[in-house]
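*Asks:* One structure follows; several queries about it will come next.
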Amino acid sequence: MFSTFELRPPMYVRLLLWLLAVTAYSVIVISVFEEYHVPESTLGDAITTVLGLAIGVLLVFRNRASYDRWWEARTLWGCLINESRNLAIKTAAFADIELAEQHHFADLLIAFPHALRMHLRGERDPLPEIEAVYPEIKQIQHRPGFVVLQIFKYLDRWNRDDTLHASIRIIERNANTLMEICGACERIRNTPMVPSYRYMAWGSVILYTLAGPWVVGVDQGWFTIPIVLLASCFMIGMEMVAETIEEPFGKEKDDLPLDRYCETIERFIRETLPAPTATADAVAG
Amino acid sequence: MFSTFELRPPMYVRLLLWLLAVTAYSVIVISVFEEYHVPESTLGDAITTVLGLAIGVLLVFRNRASYDRWWEARTLWGCLINESRNLAIKTAAFADIELAEQHHFADLLIAFPHALRMHLRGERDPLPEIEAVYPEIKQIQHRPGFVVLQIFKYLDRWNRDDTLHASIRIIERNANTLMEICGACERIRNTPMVPSYRYMAWGSVILYTLAGPWVVGVDQGWFTIPIVLLASCFMIGMEMVAETIEEPFGKEKDDLPLDRYCETIERFIRETLPAPTATADAVAG
Amino acid sequence: MFSTFELRPPMYVRLLLWLLAVTAYSVIVISVFEEYHVPESTLGDAITTVLGLAIGVLLVFRNRASYDRWWEARTLWGCLINESRNLAIKTAAFADIELAEQHHFADLLIAFPHALRMHLRGERDPLPEIEAVYPEIKQIQHRPGFVVLQIFKYLDRWNRDDTLHASIRIIERNANTLMEICGACERIRNTPMVPSYRYMAWGSVILYTLAGPWVVGVDQGWFTIPIVLLASCFMIGMEMVAETIEEPFGKEKDDLPLDRYCETIERFIRETLPAPTATADAVAG
Amino acid sequence: MFSTFELRPPMYVRLLLWLLAVTAYSVIVISVFEEYHVPESTLGDAITTVLGLAIGVLLVFRNRASYDRWWEARTLWGCLINESRNLAIKTAAFADIELAEQHHFADLLIAFPHALRMHLRGERDPLPEIEAVYPEIKQIQHRPGFVVLQIFKYLDRWNRDDTLHASIRIIERNANTLMEICGACERIRNTPMVPSYRYMAWGSVILYTLAGPWVVGVDQGWFTIPIVLLASCFMIGMEMVAETIEEPFGKEKDDLPLDRYCETIERFIRETLPAPTATADAVAG
Amino acid sequence: MFSTFELRPPMYVRLLLWLLAVTAYSVIVISVFEEYHVPESTLGDAITTVLGLAIGVLLVFRNRASYDRWWEARTLWGCLINESRNLAIKTAAFADIELAEQHHFADLLIAFPHALRMHLRGERDPLPEIEAVYPEIKQIQHRPGFVVLQIFKYLDRWNRDDTLHASIRIIERNANTLMEICGACERIRNTPMVPSYRYMAWGSVILYTLAGPWVVGVDQGWFTIPIVLLASCFMIGMEMVAETIEEPFGKEKDDLPLDRYCETIERFIRETLPAPTATADAVAG
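Chains as they are written, first to last, in the numbering used here: chain A, 1 to 285; chain B, 1001 to 1285; chain C, 2001 to 2285; chain D, 3001 to 3285; chain E, 4001 to 4285.
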């Protein structure tokens, strides 16, 4: 299971590197203070006040927006679990079909979250169960869409065979939502925060970190370092968490455990539409 | 009714233990001040200012998010009450079925909230009425899903017998929502706050509590203790309330009274679909 | 029209009593200052700063949440007006029924808001028009649910008689919403704010009021009283408004005028489904 | 086109009158300072701090709530445009009817936004096209409801004639929304902000303005006037904007251009359902 | 592809011009300070405090509202992608039609986002594929509405021919949403922020910039310039970003990449409903 997602070092490593840089910079600034007598000035004070306000406003705003995206993504995958379950339950309750067909339909329902997960992460692992029946999927770019199309084709055939007893609209509604969830997830993945806000947030944080030791150093001497580190840790940390949860489909610690959700769906569908054979769980691998 | 939920001591006990620890720590710090002459310094002042801001931002953000989850959970159970009522009313109004069958259907409607409540709390008390009719439920992992499946099977049979006079879609919509509510509740239960925010919030609170007595102690002597206690009480209290209502399905004082909701549903359904026998209320026990 | 709702004195009376108590307390504190020389201390200052922050955070949070509930309740009754109107319009447009039956149906539509209003306020005035036709309603606990059941029974009969020409689903959707509105109103009425937040808000306000005169009195002498009164008036006032609008179905000045909404519905339904007799307005009494 | 709406002078005039009063009052206060030696006191300072906080909290809260209402009203009229367009498009696509009837139906669709606009503003201009066909509308109190009733009667007739080929539910959904929009707009118009918040906001602003010159005047002399004017301009301005956009259906500069929305609807419907005669645009006058 | 959209210089150019003006003004103010001895006064201090608060409140409020609009616009285009995909999938699954007709229908589905994009930007490039079949579109003002009308006409014909097997309502729902998206996008484009808020925001920013150098200059001399520039950069930048994302359909860096969304839709539809000929991609040009 190789993925193109983890080229960037994980968040805590990046935070540590930043803090090391801040420490080094502070040490240099304080050494300058110790060596030469820097005339006292309120310039730095004025600058950090202005920047502090800007950073406060931007960080609150940005973390709120990022968290809303993260929670929306979580809600979407929760919906996906619901709709998959409802599809399985309704198929078991309404459709008058034989076990083998039911089993193939269950394969499609299980394949959708896996296909969506890989689609969102830019991965392309094989879906063996599906490829066995629909070899053309290997050429398809948008695999979740292809799986939904096959689900709809089943529904249409059952409708025409009258095995659904006029309840097609009942089942269709849930299948329709699958594609809506897919689109909403793509929207979250493809739309970063308004770029200008990101530049302003980073710009303020960096200027603040550059000005910080000069301001604090006048009074505190070597005690400057823990103060500056604390402030940087908070500001850079908040910004980094915001950036991480803004893209909630990755594999960092704060990201959503998509693999676990896929398993939850799979387990429920297998319990509701039990397979006649035991080869089914190869899909999840 | 044994549950795995109450291993953690209740919130006010944990808060008390924290405050005791803070008091002990403050007493030690103040004793040090009294014993030795600590040179005055603005270091602590700078640190508490930085931390105070961070804590303010994080606590507001965190409590808002937790409260939103709590209120969403409340709304979901409110919906569950609505949908159960509507299902009972519509069954009474539209379905042309005999009393005994109506009674069994009412059992299923009543069993769903109980099954969901236990599912959310990790409990597994028996559902005697349901187990009498469907003994296979004892092997089922996801009991709410199983109950909904039986509800759908009733609807399907009535639809095929034409006792619903083409109004299946009217009733189905409410049954569909049952599963959606179940999934949304599971989402709230299974998704804690973004971990990094929790670490940052606790980290800031602990650092603040550690630094607090050193800063206040310089001016206030033994009066430091009530001040530090008040601030800790507020900060730790807010954080703890946020953690408690983040998981609204437990049994603490701030959690949702799920048992009462289940009874509300049961009472209404029994009034609308009266049982021919009086053994029905054994389910709720 | 007797009700169990007004045992508590109205809000402005309670606010006045609070302010009297605060004045008396301040007078005592200032007298102490005048009599004895109290050593100057920054203790009170530190305490009011900590409490002021806590109160600010809690009041903003609490008023926002309460106002959201109030507005949701208003929206729900707005929806109720809509759905009642749509039901009346659709009955007039689609159902091929004689005037007397139409009139009885209009009675049910008018009775629902009245039943819901009384249900939310814990009142039980008679509904003469409904009791004349359905005497069993006197034994029913949940009267809004009973009214909706009768509405659905009409719809079912019209559907089976084919007087609706397959448009039952069009009308049913609006009737379904009636019960959803009822459940949502009950949710708002039955779920107070998370208790811990209320305790923290009141605790902070009371501590602040107790500490206030000691802090202000050092500098201001008898001028302390207007300052402390202003601050108390704002804090206690905000908290009281929050508590009042948290339960928007009462009869205080800030609560929703449910009686007026009921009349609006009644007037529209009578205009759309005019009664053959003039005895109809006895229901509203 | 006479209306009862503009008895109040427009916002900027009221703001100007307020600022004149503030200036006059400040001049008097400063004259007193110049004439007599007022002993320096921190009383005013303490009062303005308390009031400043209260005003900040109340203004932010109030403007947010008012803006949300304004935006909701805008969204509702946006929905009205959508639903009118969809009704016109679907009538053109699905209904198998002759041009004259189509033209009358288009008249109804166009009359609805005009009737709603006048209903929300308390106006009652004639709707000549509608009155020609339905003279009874002159006695009707709730004209938008009457128009929707006629729309539903058309749909019902087409449904019974089978000119809709079972697509009545497709068209009905949009007609149903018309009445929902009407009710939601009435809700916004009829429900002012919780009265207690308004009293508290105005009370704080007036007290602040009264106390302001006494506080600032000690240090600044005649420079007090621009400072007090700036602060008043901001506070009174924010409050007035909040009050204006709270009632978004009026005719002030910040209100919604309802006339323009009505024209947009009319233009689209005439393009989609072209009239056989040219007398149609008399409705809009 | 000429457009009337880019007459205004891009955001960073406007920001730069503002900052140049601010620098020039500061230089003049500081020169005055250097030349003449300006008596120290706290007037400016008081003014910037008042204005700073006003600006903070207004900027936070304004950026939140603008960002909400931007995100809503993004969500609407995400929905458009979903609905287009679902329409294509359902057409492929349910409709029993020949390839040529399918291809024409796909042309309509692809033309809609392009027509909407141009409609929102005030552009009118040709849509060759559509104009070949429907030459009357050249006279049509509201081209997206015309495209949806043709989509509905296809659905109506298929419904009457019974090629949809009673699943018209399933497909219609998605087509209905197309028009809703169009209307919601027009609402966002046509409704700027409440004008009074814009005036107040710009007024405060300009007054603040005018007063700034006088206040800072007293203490800082020539160091005034970086401080004033930083503050201006933040305030004017925030206001400009808010203005830009308020109108998210333009072509600036922060605006939504509508062209890319159109291509995404086109690619998916061509994959799901493959064209028998290869001339299809001429539409996108």
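Ideal Cβ placement from N, Cα and C applies to all residues, glycine included.
No experiment lies behind these values; they were computed from the predicted model shown.
If the cut is a Cβ gap below 9 Å, which residues of chain B does T2023 of chain C touch?
*Replies:* By Cβ distance, chain B contributes nothing, its closest Cβ being about 25 Å from T2023 of chain C, past 9 Å.
*Asks:* In angstroms with no decimal places, state the Cα-to-Cα distance between M4235 of chain E and M3240 of chain D.
*Replies:* Distance from the CA atom of M4235 of chain E to the CA atom of M3240 of chain D, rounded to whole angstroms, is 24 Å.
*Asks:* How close, in whole Å, do the beta carbons of K253 of chain A and P1195 of chain B come, if the pair is a contact with beta carbons under 8 Å?
*Replies:* Contact flag correct, Cβ pair sits at about 6 Å.
*Asks:* In chain order, which alpha helix (DSSP H) runs of at least 4 residues are fully inside the region 3159 to 3232 of chain D?
*Replies:* Qualifying alpha helix (DSSP H) stretches, in chain order: 3168 to 3190, 3195 to 3220.
*Asks:* Are the beta-carbon atoms of V216 of chain A and V228 of chain A separated by less than 8 Å?
*Replies:* yes
*Asks:* For chain D, find out if any of its Cβ atoms is closer than 8 Å to the Cβ of L4210 of chain E; answer yes or no.
*Replies:* no
*Asks:* Quick one: grab the DSSP three-state call for P128 of chain A.
*Replies:* helix
*Asks:* Along chain B, which residues have their Cβ under 8 Å away from the Cβ of N159 of chain A?
*Replies:* Within chain B, no residue comes near N159 of chain A; the closest Cβ sits about 14 Å away, beyond 8 Å.
*Asks:* Say whether chain B places a C-beta atom closer than 8 Å to the C-beta of I81 of chain A.
*Replies:* yes
*Asks:* From A1111 of chain B to R3121 of chain D, what does the alpha carbon distance come to, in whole angstroms?
*Replies:* 52 Å
*Asks:* State the DSSP-derived secondary structure class of K1138 of chain B, mapped to helix, strand or coil.
*Replies:* helix
*Asks:* Measure from the C-beta of D254 of chain A to each C-beta in chain B and report whether the shortest distance is under 8 Å.
*Replies:* True, the Cβ-Cβ gap to chain B drops below 8 Å.
*Asks:* May I have the straight-line CA-CA distance separating T177 of chain A from E247 of chain A, to the nearest angstrom?
*Replies:* 22 Å
*Asks:* Beta carbon of I265 of chain A, beta carbon of A106 of chain A: below 8 Å?
*Replies:* no
*Asks:* Please confirm if P4009 of chain E has its CB atom under 8 Å from at least one CB of chain D.
*Replies:* Chain D, which has no Cβ nearer than 8 Å to the Cβ of P4009 of chain E, makes this no.
*Asks:* Helix, strand or coil, according to DSSP, for V13 of chain A in the structure here?
*Replies:* Here V13 of chain A sits in helix by DSSP.
*Asks:* Which of the three DSSP states is assigned to E2239 of chain C in this structure?
*Replies:* Note: E2239 of chain C maps to helix in three-state DSSP.
*Asks:* Give the interface partners of I3097 of chain D over in chain C, defined as CB-CB distance under 8 Å, in chain order.
*Replies:* None at all; the shortest Cβ gap to chain C is about 17 Å.
*Asks:* Show which residues of chain C have a CB atom less than 7 Å away from the CB atom of K1090 of chain B.
*Replies:* F2152
*Asks:* Let's see if you can read the secondary structure: which residues bound the alpha helix (DSSP H) around Y4261 of chain E?
*Replies:* 4258 to 4272 is the span of the alpha helix (DSSP H), which, as asked, contains Y4261 of chain E.
*Asks:* Looking at C-beta atoms only, is the number of pairs between the region 4088 to 4100 of chain E and the region 147 to 163 of chain A that lie closer than 8 Å three or more?
*Replies:* yes
*Asks:* Which value, in whole angstroms, describes the spacing of the CA atoms of L1020 of chain B and D1068 of chain B?
*Replies:* 31 Å
*Asks:* Flag D107 of chain A as yes if its beta-carbon sits less than 8 Å from any beta-carbon of chain F, otherwise no.
*Replies:* The structure shown contains no chain F; its protein chains are A, B, C, D and E.
*Asks:* Comparing alpha-carbon positions, which option in C:A2024, C:E2243, C:L2015, C:T2163 lies nearest E2098 of chain C?
*Replies:* C:T2163
*Asks:* Under 8 Å Cβ to Cβ from G3221 of chain D, same chain only, skipping five residues before and after it: list those, please.
*Replies:* I3030, F3033, E3034
*Asks:* Taking buried to mean at least 16 other C-beta atoms within 10 Å of its own C-beta, is P128 of chain A buried or exposed?
*Replies:* exposed
*Asks:* Could you please tell me which residues of the region 183 to 206 of chain A, in chain order, have their CB closer than 9 Å to any CB of chain B?
*Replies:* none
*Asks:* Classify A2024 of chain C as helix, strand or coil using the three-state DSSP reduction.
*Replies:* helix
*Asks:* The alpha helix (DSSP H) spanning E2101 of chain C covers which residue range?
*Replies:* 2099 to 2121
*Asks:* Mind pulling the chain C residues with CB within less than 9 Å of F3061 of chain D?
*Replies:* V2060, N2063, R2064, Y2067
*Asks:* Using 8 Å as the Cβ pair cut-off and three pairs as the minimum, do the region 171 to 188 of chain A and the region 71 to 88 of chain A touch?
*Replies:* Judged by Cβ distances under 8 Å, the region 171 to 188 of chain A makes contact with the region 71 to 88 of chain A, as three or more pairs qualify.
*Asks:* Do you know offhand how far F61 of chain A's Cα is from G4237 of chain E's?
*Replies:* Using only the alpha carbons, I get a separation of about 15 Å.
*Asks:* What three-state label does DSSP hand N248 of chain A in the structure shown?
*Replies:* For clarity, residue 248 of chain A is Pro in the given sequence; the question names Asn instead. Note: P248 of chain A maps to coil in three-state DSSP.
*Asks:* Which word fits I4028 of chain E, buried or exposed, when buried means at least 16 other C-beta atoms lie within 10 angstroms of its C-beta?
*Replies:* Using a 10 angstroms sphere on the CB of I4028 of chain E, the tally of other CB atoms stays under 16, which defines it as exposed.
*Asks:* Are there 16 or more other CB atoms within 10 angstroms of the CB of W201 of chain A, so buried, or fewer, so exposed?
*Replies:* Per the sequence presented here, residue 201 of chain A reads as Ala, with Trp not at that position. The residue is buried, with at least 16 neighbouring Cβ atoms inside 10 Å.
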